[in-house]
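**Student:**
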Amino acid sequence: MKIQRPIAAALVMLTVFAVGCRNHQFAHVLKDNQRDMVGSHEAGAETFNVLVDESVAKLLGRQSADCVDPVTGEAMHKRVCFVGVENLSSEDIGDFKDQLFEQIDSAVASSGTFNTISSRYVENGLRQLRLMPEDLMVPTHRAAFQNVMQQHEQPFDYLLFGKLTSGTTSDNKSYQRDYLLTLELIDVNDGSFDKESAKIRKGYHKSRLGKWTKYNLR
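Offset between the sequence shown (1-based) and this note's numbering: plus 49.
1. Helix or strand or just coil, what does DSSP make of LEU100?
2. Is DSSP giving ARG179 helix, strand or coil here?
3. Using 8 Å as the Cβ pair cut-off and three pairs as the minimum, do the stretch 200–214 and the stretch 230–250 touch?
4. What's the call for THR165, buried or exposed, on a 16-neighbour Cβ count within 10 Å?
5. Please report the distance separating the alpha-carbon of SER159 from that of ASP220.
6. So, do the stretch 161–175 and the stretch 125–141 have three or more beta carbon pairs nearer to each other than 8 Å?
7. Of the residues MET198, SER155 and GLN199, which one's Cα is nearest the Cα of LEU109?
8. Let me know if LEU175 comes out buried or exposed under the rule of 16 or more other beta-carbons within 10 Å of its beta-carbon.
9. Could you tell me the distance, in whole angstroms, from the CA atom of VAL101 to the CA atom of GLU135?
10. Could you pull out every residue in the same chain whose Cβ sits closer than 6 Å to the Cβ of GLU245, ignoring the five residues on either side in sequence?
11. With distances taken between CB atoms, is the gap from LEU213 to PHE194 smaller than 8 Å?
12. Do you know how far the Cα of GLY133 is from the Cα of PRO182?
13. Alpha carbons only, please: which of VAL157, ASP239 and VAL171 is nearest the one belonging to GLN112?
14. Please identify the residue among VAL171, THR217 and GLY211 whose C-alpha is closest to the C-alpha of ASN196.
15. In chain order, what residues of the same chain have a beta carbon less than 8 Å from the beta carbon of ASP243, not counting five sequence neighbours either side?
16. So, helix, strand or coil for LEU149, using DSSP?
17. Starting from PHE194 and walking both ways along the alpha helix (DSSP H), at which residues does that stretch end?
18. Of the residues ASN173, LEU137, ASP141 and GLN148, which one's Cα is nearest the Cα of PHE97?
19. Where are the beta strand (DSSP E) runs, 3 residues long or more, that stay fully inside the stretch 199–239, in chain order?
20. For MET32, tell me which candidate among LYS251, ASP239, ASP141 and LYS146 has the shortest Cα-Cα distance.
21. The beta strand (DSSP E) with SER246 in it runs from where to where?
22. By Cβ distance below 8 Å, which residues in the same chain neighbour LYS146 in space, the five residues on each side in sequence not counted?
23. Less than 8 Å between the C-beta atoms of ARG226 and SER241, yes or no?
Below is the structure:
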């Protein structure tokens, strides 16, 4: 049986269109009032932005009270050396690691109470001494690092460490992952420290119904 020409032409066009769609990608710019995309397989902007905002706000909010001169009542600007974010979660966060660093660093720098050291100085100092961020917890290594930063005219009062962890609970093909971002601020003068965390829970499902069946949403 022969296929009529109009139908055959339509089938050809549909085939070309389908092939073309597979070879093209489309994008759009998000406006400030639009929500972040929710990652279907791992954490994304909707997770990390909330973690950063909450953890930084809570930590600096508490620390700001201690950065006021008791005599004059004026704010004492303390210098913070932020050495990076350690990813101990079950996911490879890729380029989000650098973005997390920049977001936290910018939030601290714009607090009005703390000043941060440029990451270029920090990376150069660690590289010069062949140290990893965790090595700075050894007193001799920390003293050597402080000396190098002094030479670069970049003294600091605090070390700031960031750590991302996760915990996973599975139920058949669905699972819940709890993300925790912890910030630890260490006073290099007396060794005292303050720590603050922010947590967000996220559910992953193989079907759209999983959201309702696993969490009893109405």
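Note that beta-carbon positions come from the ideal geometry of N, C-alpha and C, so glycine has one too.
**Tutor:** So, to answer that:
1. Translated into the one-based positions of the sequence shown, residue 100 becomes position 51. Reduced to three states, the DSSP call for LEU100 is helix.
2. The residue labelled residue 179 in the question sits at position 130 within the sequence shown. ARG179 falls in the coil class under three-state DSSP.
3. They touch, by the three-pair rule.
4. Here the question's residue 165 lines up with position 116 in the sequence shown. Buried, since its Cβ has 16 or more Cβ neighbours within 10 Å.
5. Position 110 of the sequence shown holds residue 159. Position 171 of the sequence shown holds residue 220. For SER159 and ASP220, the distance between alpha carbons rounds to 42 Å.
6. yes
7. Here residue 109 refers to the residue found at position 60 when the sequence shown is read from its first residue. Of MET198, SER155 and GLN199, the residue nearest in Cα terms is SER155.
8. For this step, residue 175 is matched to residue 126 along the sequence shown. LEU175 should be labelled buried.
9. As a working mapping, residue 101 is identified with position 52 in the sequence shown. As a working mapping, residue 135 is identified with position 86 in the sequence shown. Computed Cα separation, rounded: 14 Å.
10. The residue given as residue 245 occupies position 196 in the sequence shown. SER104, LYS107, LEU108 and LEU232, listed in sequence order.
11. Counting from 1 along the sequence shown, the entry for residue 213 is found at position 164. Counting from 1 along the sequence shown, the entry for residue 194 is found at position 145. Not a contact, by the Cβ cut-off of 8 Å.
12. On the sequence shown, residue 182 is found 133 positions in, with the first residue counted as 1. On the sequence shown, residue 133 is found 84 positions in, with the first residue counted as 1. Answer to the nearest angstrom: the Cα atoms are 7 Å apart.
13. Position 63 of the sequence shown, counting from 1, holds the residue named residue 112. It is VAL157.
14. Against the sequence shown, residue 196 aligns to sequence position 147. The shortest C-alpha separation from ASN196 is found at VAL171.
15. Reading the sequence shown from its first residue, position 194 is the one you call residue 243. So the list reads LEU108, ARG111, GLN112, GLU233 and LEU234, once near-sequence residues are dropped.
16. Along the sequence shown, read from residue 1 onward, the residue named residue 149 stands at position 100. LEU149 carries a helical assignment under DSSP once its states are collapsed to helix, strand and coil.
17. Taking the first residue of the sequence shown as position 1, residue 194 is located at position 145. Note, PHE194: alpha helix (DSSP H), 188–200.
18. Here residue 97 refers to the residue found at position 48 of the sequence shown. Proximity to PHE97 across ASN173, LEU137, ASP141 and GLN148 peaks at GLN148, based on C-alpha coordinates.
19. 207–220 and 223–236
20. The structure shown has nothing for residue 32, since the chain only spans 50 to 267.
21. As a first step, residue 246 is located in the sequence shown; it is residue number 197 there, counting from the start. Its beta strand (DSSP E) spans residues 242–253.
22. As a first step, residue 146 is located in the sequence shown; it is residue number 97 there, counting from the start. Excluding residues up to 5 positions away in sequence, VAL134 and ASN136 lie with their Cβ nearer than 8 Å to the Cβ of LYS146 in the same chain.
23. Locating residue 226 in the sequence shown gives position 177, counting from the first residue. Locating residue 241 in the sequence shown gives position 192, counting from the first residue. For ARG226 and SER241, no; Cβs fall outside 8 Å.
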